[in-house]
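Residues 882 to 1109 in the numbering used here are what the sequence shown spells out, letter by letter.
Every residue gets a Cβ at the ideal spot worked out from N, C-alpha and C, and that includes glycine.
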Amino acid sequence: MELEVEVVDPPGRPYATVIWLHGMGQDSGALVPVAEQSGLTSPDAGVRHVFPRAPRQSPGLAGGVPARAWFRQRVFALKHADLPTLLATERALHELLLAESALTGSKRVLLAGFSQGASMALITALRHPERLGGLILYDAFLTGELPLADTRSPANADLPVWIGQGRFDWIVPLAVGESVRDLLNSWEQPLSWHVYYDYPNNHEPFSGAAADLRAFFDEVAPGAGGPE
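Now the structure itself:
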């Protein structure tokens, strides 16, 4: 499987790349405003942004209508996922990560995701064979079908992870996000945890997180904005 992507390039050679994975039922452009609001698309940021588009999967969000999703899943059964479609997407994302690493080096490639995209980003990044630059998650959850604890890559055992969680999210409740945080803490993964009081936005991508996102990015990719 080859993923369709939209790309936003800086004027010159990129110093870093962020790959953004949208949520279930969204399209590749859903996270473009997040990149813009964090200041990472400004001409002097030196950041390449890649927005993959998930394939259509069934069942979808409502009434069984197929929706864009990284793997087959019912929206109110977050602990369960269709493993074959998840692994197919993971393989495609590994190929995309390798291609982007050829441009900037793998340690300057960050993977970001929202909701189901965050779940997919988490699985892919921690199992990727090359050290990445960082992992950015908002409203993340983990499925029970993949034994992630036993299949993590040693290359990303110390990968910095940023997690944001909406306090009033009704799709991915706070307790679900806290369980992801606690699991990563138990693995001694470097972690930055943020809770956003996003009412009435509820399940919105990176609601209120722009400044914190930029701070994390500047920490893990200090060359962005100009050559070192």
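A Cβ-Cβ contact shorter than 7 angstroms links Pro947 with Ser939.
Leu1065 is positioned such that its CB atom lies no closer than 7 angstroms to that of Leu1055.
In this structure, Ile1017 sits near Trp1043, with a CB-CB distance shorter than 7 angstroms.
Taking 7 angstroms as the cut-off, the Cβ atoms of Trp951 and Gln997 count as close.
For Gly1047, the closest of Ala980, Ser1000 and Asp1079 by C-alpha to C-alpha distance is Asp1079. Counting along the chain, Arg1008 sits inside the alpha helix (DSSP H) bounded by residues Gln997 to Arg1008.
In this model, Pro914 and Thr922 are separated by some 10 angstroms (Cα to Cα). Membership of His1075 in the beta strand (DSSP E) is indicated by the continuous run Leu1072 to Tyr1077. Arg989 sits away from Ala916, with the two beta carbons spaced by 7 angstroms or more. Under the 10 Å beta carbon count, Pro892 is surrounded by fewer than 16 other beta carbons and is classified as exposed.
Note that the C-beta distance between Asp1020 and Val1061 is not below 7 angstroms. The secondary-structure analysis by DSSP pairs Thr898 across a beta bridge with Arg929 and Val990.
Note that the C-beta distance between Pro1010 and Ser987 is not below 7 angstroms. In chain order, Thr1005 place their CB closer than 6 angstroms to the CB of Leu974, counting only its own chain and leaving out the 5 sequence neighbours on each side. Shown here, Glu887 sits in a strand according to DSSP, grouped into three states. Within its own chain, the residues whose Cβ lies closer than 7 angstroms to the Cβ of Gln918, once the five positions on either side in sequence are excluded, are Ala1091, listed in chain order. For the beta strand (DSSP E) assignment, the uninterrupted runs of no fewer than 3 residues enclosed by the segment 1001-1061 are, from N- to C-terminal side, 1015-1019 and 1042-1047.
Glu971: member of the alpha helix (DSSP H) spanning Leu964 to Thr985, first to last residue. Counting only the Cα atoms, Pro895 lies some 7 angstroms from Thr985. When the five nearest sequence neighbours on each side are left out, the beta carbons in the same chain lying within less than 8 angstroms of the beta carbon of His1075 are those of Trp1043, Ile1044, Gly1045, Gln1046, Ala1090 and Asp1093, in order along the chain.
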